[in-house]
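Chains as they are written, first to last, in our numbering: chain R, 46 to 387; chain L, 46 to 387; chain V, 46 to 387; chain Z, 46 to 387.
Here's the structure we're looking at; comments come further down.
There are 4 protein chains.
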Amino acid sequence: MLILMQFGATDAQVKAVCAVLREKGIEPLELPGEDRVAVGVPASLSADQRIALEAILGRMDGVSKVTQTSSPFKLASLEFRRTKTLVEIKDVKIGPGHFAVMGGPCSVESLDQFRKAAEVVKQSGAKILRGGAFKPRTSPYSFQGLQLEGLKIIKQVAEETGLATISEVMSADMVEAVADHVDILQIGARSMQNFPLLVEAGKSQKPIFLKRGPSATLDEFLLASEYVLNEGNNQVILCERGIIAFDRAYTRNTLDLNAVPVLKELTHLPVVVDPSHGTGVARYVAAMAKAALVAGADGVMVEMHPDPKEALSDGSQALDSEQFSTMMDDLRGLAAYMHLTL
Amino acid sequence: MLILMQFGATDAQVKAVCAVLREKGIEPLELPGEDRVAVGVPASLSADQRIALEAILGRMDGVSKVTQTSSPFKLASLEFRRTKTLVEIKDVKIGPGHFAVMGGPCSVESLDQFRKAAEVVKQSGAKILRGGAFKPRTSPYSFQGLQLEGLKIIKQVAEETGLATISEVMSADMVEAVADHVDILQIGARSMQNFPLLVEAGKSQKPIFLKRGPSATLDEFLLASEYVLNEGNNQVILCERGIIAFDRAYTRNTLDLNAVPVLKELTHLPVVVDPSHGTGVARYVAAMAKAALVAGADGVMVEMHPDPKEALSDGSQALDSEQFSTMMDDLRGLAAYMHLTL
Amino acid sequence: MLILMQFGATDAQVKAVCAVLREKGIEPLELPGEDRVAVGVPASLSADQRIALEAILGRMDGVSKVTQTSSPFKLASLEFRRTKTLVEIKDVKIGPGHFAVMGGPCSVESLDQFRKAAEVVKQSGAKILRGGAFKPRTSPYSFQGLQLEGLKIIKQVAEETGLATISEVMSADMVEAVADHVDILQIGARSMQNFPLLVEAGKSQKPIFLKRGPSATLDEFLLASEYVLNEGNNQVILCERGIIAFDRAYTRNTLDLNAVPVLKELTHLPVVVDPSHGTGVARYVAAMAKAALVAGADGVMVEMHPDPKEALSDGSQALDSEQFSTMMDDLRGLAAYMHLTL
Amino acid sequence: MLILMQFGATDAQVKAVCAVLREKGIEPLELPGEDRVAVGVPASLSADQRIALEAILGRMDGVSKVTQTSSPFKLASLEFRRTKTLVEIKDVKIGPGHFAVMGGPCSVESLDQFRKAAEVVKQSGAKILRGGAFKPRTSPYSFQGLQLEGLKIIKQVAEETGLATISEVMSADMVEAVADHVDILQIGARSMQNFPLLVEAGKSQKPIFLKRGPSATLDEFLLASEYVLNEGNNQVILCERGIIAFDRAYTRNTLDLNAVPVLKELTHLPVVVDPSHGTGVARYVAAMAKAALVAGADGVMVEMHPDPKEALSDGSQALDSEQFSTMMDDLRGLAAYMHLTL
């Protein structure tokens, strides 16, 4: 912990800060700066000690700012665990050396629709099938998903095709039900800080696909993953899916591809990109999927629909069967060029 | 619904759009513009019809954009219900003619701490006591609240003081427990789009205090309230608590006071402002609380702690007892000047 | 300057950082932290030395971040100059104890229009008349202002009414011309980092009204003022006029009133708020002007037009004569209540 | 133009809007919607007519919003000019079928430094040399560039190496001087809306490299280019260089690669990406340069320095000679794979 004093801070104010620290048994280090003084706390503090100290010191006269030298996240940190995590589901691998594609419709709408989607996904060479059974919708008047019936459809189609499956779980009390029907549990962007859900998902010991909230910083994102990891569940996949920004005239979100190299440096967890939500427009999806691969992502999640015109949700961002297959061909070529197994 | 064609759209493309509409039994209105054509859909559509049409039309050649002429929110709309809502709890009123102050610590830490806080709140003239029992924390390593024990403390102190109480509920399965112990259920900013929670909170028929998500648009905010209203629960209070912006050097969030006059025009629901989270810095809170009152807010929620230096969470933004009382005096004067009952 | 090492940084890496500093004649201070080491630079560095060191150290293995303990701004800082600045033009005062209102049309359109506006401004009790002669317009196809003819109209109406005047200057080569015709030079939001213009405006020794860029941090804003102050011109007025944010459905910008108490703490310069651009909607302007006063602003700049329906620019945010007078009455009452001279 | 009425708008209010239009000689089209009425203006209006009408209509009772069916930009629009623009300088081509790399130091610091940089750029196969002579710096206390001396160095090194050159011009009065010394005039991000500069740069008839402002929407960006095109100068290159967003902990800006496919669809002008400013961190530059190529960009501008540790500005984002050469090898491979001439 470092305490930065204000510019005109007096000696007495600096001494008062040091006194508080000594009272807590910490010997402070004074650090005279160019225009102002900093005081260092060369000691290991617990999270609660840090919070308490921050509250005390942050209110003292002459103090400008209290900053932390500790990392906010631990278990997710690459410094903590030096080996990159490889998540394995059935014969699918997500992590170093691989490029995973997850495809499928926004919502499971019927057995027939989902089977057709699965067929396209499988034939194109993708190995993970996505489909929403529980749909978080901005408006209560929109289609909310087939719910349990949707989960059953996913399970049946998985058995028919052998594809690995992923579907979203929206609340802690549904974790078990969803975990019984699919291979990977998705935590949606709007649930990234639903902490009871994160804990319960962690306990399931299923692989967790955690989407970044639209206004979550990378620190907040990694701290959310920490809730899952803290339950002893190391199978966490991070997903960048577009952040909120000021220009929403042409795309739904702003895909933050900078996050890919940054996260790869900060954490050992695999990083997947969702260009469907990241753009919100079907005709920009393939370009951004390819860019994600080249930027170092471990995979992409792409919405496709066998007949997007009939989609009950997000139809305007879903690729149709032909677009999906073309994108897969492009990705396969690029993956080979980059020495990745797709 | 309006379909805006691209600039170079051909007659054939416009005709194709019209044909799709006619196929669905809708007679389109062609609207030649300066540089391009728009096609109007003069018909009442259900939400699902709209979504389906949007998906079909949005993908057609020559189409630039599909926009809606329908309001996304209904029950919350001032056009829907012409009378402003007055929420009443015990002898406290939130709505037209009143200015409500909710004060108390971020977290309930002990019976003693909470009693002391309640005393300050009551003596200063505020009528609603806040205190967190379940704490949504960015890090799993931070204090998570006293949970059920905290709820019991709130209930006991409410009985001792006669103050109305408010506390946060974080998941659908805890709604009943929280509703049994407090007067107003708070849905936190990070839960604004926790839809199962919104539905369950609506069913409780308790007054709901809904905080705006840090990156939620006003439409998304009102649509979240719609989930509660849709359960027949009209006692909803909206709370602006700061949005995310690009400069976080001096304040934790950017308090969006523009939202006050805008929301007052859009909705009949009361609008409260939280300057504690809106600034994140104790010494800016009073100025922004006063600005909120003058801008037309129906109340403020302010964090205070009898001894902020010992706070287990958010200590740097909590007012101490004296600061809280001074702010209350200022607000009382301004409220009288503005002819509001505080 | 503080150098924060990465979590797993080795002793050798820390030593290498210290060696670089010693090479430059600086004796480093090692500061062991909870999870990682920080290295302090207890010495006064010039701006260029700092930049050079930052570049060297920021690239070294094991270094996580280089932060500054020096304030980026000096002359604008309240620590640098302990007395609040009072800007005086004719009999108008902007600064402590006063609340200044600047009113007038977005553009000077004709002598007749500007005279009528001036009359309303004067009768309502405001003392500063604004009007644009050079208009920065997003589109080259929009009205660009009357230019020199507009300046002459401003000067004539100032002489007729005795009002102080303010108008925008858009480029360094026009500073002299504008300075010859008006009392206060406005630097628009889009010119906030037009550095040659800032330097030239500084040299004019006229009071400078500097608007915050829509995405400028407060540090960048104060550094821009530093360009003017650095020319020996201390008559700088800062203006918050709305920042860019993610929701633009109901307002043009997001008025950042948090900036008022923050800036008042950081700088001795007066802080004025522009609720016209800050909201972009005439019917929200008065509420936000009042909120600005209560939050501690030293004044407001408000667009008004004697006949807004005929305005050649920004008509939808201009108050009409009656709205302007009503707002002035409200502000006068509030100013008296707050013991400010309006 | 379309006028959207409020939900509860009365027939009389709709009729009043229609009456205003008829008064101006425009026969309105009424468009009954689901919840509210829209009124269409099927006529060609000039920019000033549109602004005037918008001001009148936007203030009328019952009117919710006035939107435009006309494109804000014309000359830049792909609909206006169906052929993609190919900018040619010496033997360098920027546009369809090509991938251009611009490399060089942030600032020209000395003949020796710039020569060394040019050598690396040339040997690596890049054909355009960048270097700043006039530096827009946030702080007046930072190095402001070698100015005219810098321009002379650029010209001399261009003659020695045969490389095409690009350098920034910061004000209208310096356009001629810069145009005399370099091949491409750069308008920096902070000058994107310096309209007098855009007009003067347009008049120079030199190729213009226009950087997107950090908070400029794509419409504003294209309208800025329109100022140049409007002077009869069609040689405009657009540059995405990172936008402002809420998380600045790990990168300086957020590179908006979505803008690449969107701009390629909206405009015929070439689109270049600057991953140096887009990330602000040398070790993320190559990944984002490659992603830009794959996403469809026509080139990249990358900062390199023969000795970044000694750089006088932006040293932490500059590649060193080896990093630059490695990136060029990677880009060459990818360009070949994508059938682009680098």
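Even for Gly, the Cβ is constructed at its ideal location relative to N, Cα and C.
Those residues which DSSP pairs with residue i across a bridge
i	result
F254 (chain L)	L:Q231 and L:I282
M50 (chain L)	L:V108
A145 (chain Z)	Z:G344
A6 (chain Z)	With chain Z covering 46 to 387 only, the question about residue 6 (chain Z) has no answer from this structure.
L364 (chain V)	V:M349
T312 (chain L)	L:S122
I199 (chain R)	According to DSSP, which records beta bridges pairwise, I199 (chain R) is partnered with nothing at all.
E75 (chain Z)	Z:V84
Chain-order list of residues whose beta-carbon lies under 7 Å from that of residue i (same chain, five-residue window excluded)
i	result
V82 (chain L)	M50, A54, V59, E75 and L76
R126 (chain R)	H313
T130 (chain L)	G140, N279, H313, L314 and P315
K161 (chain V)	P351
I288 (chain L)	P259, S260, N298, T299 and D301
F240 (chain Z)	Y272
Exposure of residue i, with buried meaning 16 or more beta-carbon neighbours within 10 Å
i	result
R257 (chain L)	buried
K172 (chain V)	buried
H384 (chain R)	exposed
R388 (chain V)	Chain V is shown only over 46 to 387; residue 388 (chain V) falls outside these bounds and no answer can be derived.
E72 (chain L)	exposed
D301 (chain R)	buried
T262 (chain V)	buried
G207 (chain V)	exposed
E221 (chain R)	exposed
V168 (chain R)	It is worth fixing the name first, because residue 168 (chain R) is Gln in this sequence and not Val. Exposed is the call here.
T386 (chain R)	exposed
A381 (chain Z)	exposed
Residue i vs residue j beta-carbon contact at 8 Å
i	j	result
P150 (chain V)	A363 (chain V)	yes
V62 (chain L)	L90 (chain L)	no
V244 (chain Z)	Y272 (chain Z)	yes
E213 (chain V)	Q231 (chain V)	yes
S361 (chain Z)	F188 (chain Z)	no
S370 (chain Z)	L268 (chain V)	no
V86 (chain Z)	M147 (chain Z)	no
L274 (chain Z)	L255 (chain Z)	no
A290 (chain R)	D264 (chain Z)	no
I211 (chain L)	I229 (chain L)	yes
E285 (chain V)	V318 (chain V)	yes
P181 (chain L)	M219 (chain L)	no
M373 (chain R)	G170 (chain R)	yes
T296 (chain Z)	V339 (chain R)	no
K354 (chain R)	A100 (chain L)	yes
A224 (chain Z)	K251 (chain Z)	yes
L396 (chain R)	A217 (chain R)	No answer is possible for residue 396 (chain R): the residues shown for chain R start at 46 and end at 387.
M346 (chain V)	R67 (chain V)	no
Same chain only: Cβ atoms within 8 Å of residue i, ignoring 5 sequence neighbours per side
i	result
V165 (chain L)	G148, M349, P351, S366, F369 and S370
Own chain partners of residue i with C-beta closer than 6 Å, once the 5 adjacent residues on each side are dropped
i	result
S270 (chain Z)	A121, L255 and V281
K135 (chain L)	A209
G195 (chain V)	V153 and A178
* **Three or more C-beta pairs below 8 Å linking the stretch 317 to 326 of chain L and the stretch 321 to 336 of chain V** => Touching, no, given that fewer than three Cβ pairs across the two stretches are closer than 8 Å.
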